[in-house]
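Here's the structure, in structure tokens; my notes come after.
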Amino acid sequence: MVARPGRPRGAASAVRESIGTARQAGCTGTLILRGDSAFYNAGVIAACRDNDTRFSVTAKLDPRVKAAIAAIDEDAWTPIKYPRAIFDEQAGSWVSDAQVAEIGYTAFTTKKGKAAGARLIVRRVKMRNEQAGCGQDELFPAWRYYPIFTDSPYTLIQAEAHHRDHAVQEQVNADLINGPLAHMPSGAFTTNAAWLTLTAITHNLLRGLGSLASAFHAKARGATLRRHFIVVSARLARHGPADGRGHLTLHLPQRWRWQPAWTGAFTATHDPPAFAAA
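For the sequence shown, full-length UniProt numbering puts the final residue at 278, and the numbers step up evenly by one.
In structure tokens form, the structure reads like this:
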């Protein structure tokens, strides 16, 4: 995706710019950068600390991180229960519980003057044994590990949950990539810039439509919203004189499963409740 000419900047430069923008917008509290493993590098961490910003980034499972995880005492693991199940893309299954622990860790020691010490918070999820109960019971549990490198001021449980919340934005990105951004990039920078603007507008309108329609559609993916409300077999009929004094009738499918949700959204947008006088 390209919206401007020139050489792309690195993650550290983008972090500095984002922090500056947040400060200019009036953010005076504690700033915490949350990012995936693409932000796990010495430049990003230095940019955060140089600008009085905390960080919480997914660490790469390199040999040093694996060694640090292995050094965590078994009694240090704290079980957590998710309020709602979370889909584990690597395991291809839904998980509803896990364990977390932390240990002190110094990253980037191979880079002169770039070593950074902080907390290594690790979430582990037990891997499913598909052969359990078929004479193939496990001798010991196998775990999948998710390390986080952070200097978050929160407690262990709070810091892990706070970092995991950044996945919401990743889901939005994936939704856009499977939708309007599938048509990018173009060879013209102005076209890319215009398309990004239209993408943001249509995304917000579609999310608003879903929120007005039903609780289910408020959390549905963009493809689901388009299938249920946009790409619908309907017929538009005009009644009365052709001078504009007539009216239009939208004929929607009969015995349509999503009629209540569509009607709710239509009513909310065309006949909104009156505001009470102050």
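A virtual CB, placed ideally from N, CA and C, is assigned to each residue, including glycine.
Exercise for the section: Specify the secondary structure class of Q24 as computed by DSSP and reduced to three states. Expected result: Residue state, collapsed to three classes: helix.
Handout entry: Unbroken stretches of the beta strand (DSSP E), 3 residues or longer, contained in the stretch 121-208
Key = Taken in chain order, the unbroken stretches of beta strand (DSSP E) that lie wholly in the stretch 121-208 and span 3 residues or more are 143-150.
Practice task
Quick one: residues in its chain with C-beta nearer than 6 angstroms to the C-beta of A47, no 5 flanking neighbours on either side, listed in chain order?
Solution key: Excluding sequence neighbours, A47 sits near A12, V15 and R16.
Exercise for the section: State the Cα-Cα distance for the pair A278 and N204, rounded to the nearest angstrom. Expected result: Reliability fails at A278, whose pLDDT of 49 lies under 50, so the model's placement of it is uncertain and no value is given.
Handout entry: Residue closest to R34, alpha-carbon to alpha-carbon, out of A22, S56, G20 and A116
Key = Of the listed residues, the one whose Cα sits closest to R34 is S56.
Problem - Minimum C-alpha distance to A182 - residue among A188, N173, F189 and T190 - result: With distances taken between Cα atoms, A182 lies closest to N173.
Exercise for the section: May I ask which residues mark the beginning and end of the alpha helix (DSSP H) holding V65? Expected result: Where V65 is concerned, the enclosing alpha helix (DSSP H) stretches over P63 to A70.
Problem - Residue-level contact to chain C via CB, T78, 8 angstroms cutoff - result: No chain C appears in the structure shown, which is made up of a single protein chain.
Problem - Between the CA atoms of P147 and D62 - distance to the nearest angstrom - result: Their backbone Cα atoms lie some 10 angstroms apart in a straight line.
Practice task
For D151, I'd like the list of residues in its chain whose CB is within less than 7 angstroms of its CB, leaving aside the five on either flank, ordered along the chain.
Solution key: If we look at D151 and ignore the five residues flanking it on each side, its Cβ neighbours are R54, F55, A118 and R119.
Handout entry: Rounded C-alpha distance that separates D36 from A237
Key = Going by the C-alpha atoms only, they are around 51 angstroms apart.
Problem - Spatial distance of W256 from D271 (CA atoms) - result: The straight-line gap separating the alpha-carbon atoms of W256 and D271 is approximately 22 angstroms.
Exercise for the section: Would you check if the distance between the CB atom of L176 and the CB atom of T191 is smaller than 8 angstroms? Expected result: Going by C-beta atoms, L176 is not nearer than 8 angstroms to T191.
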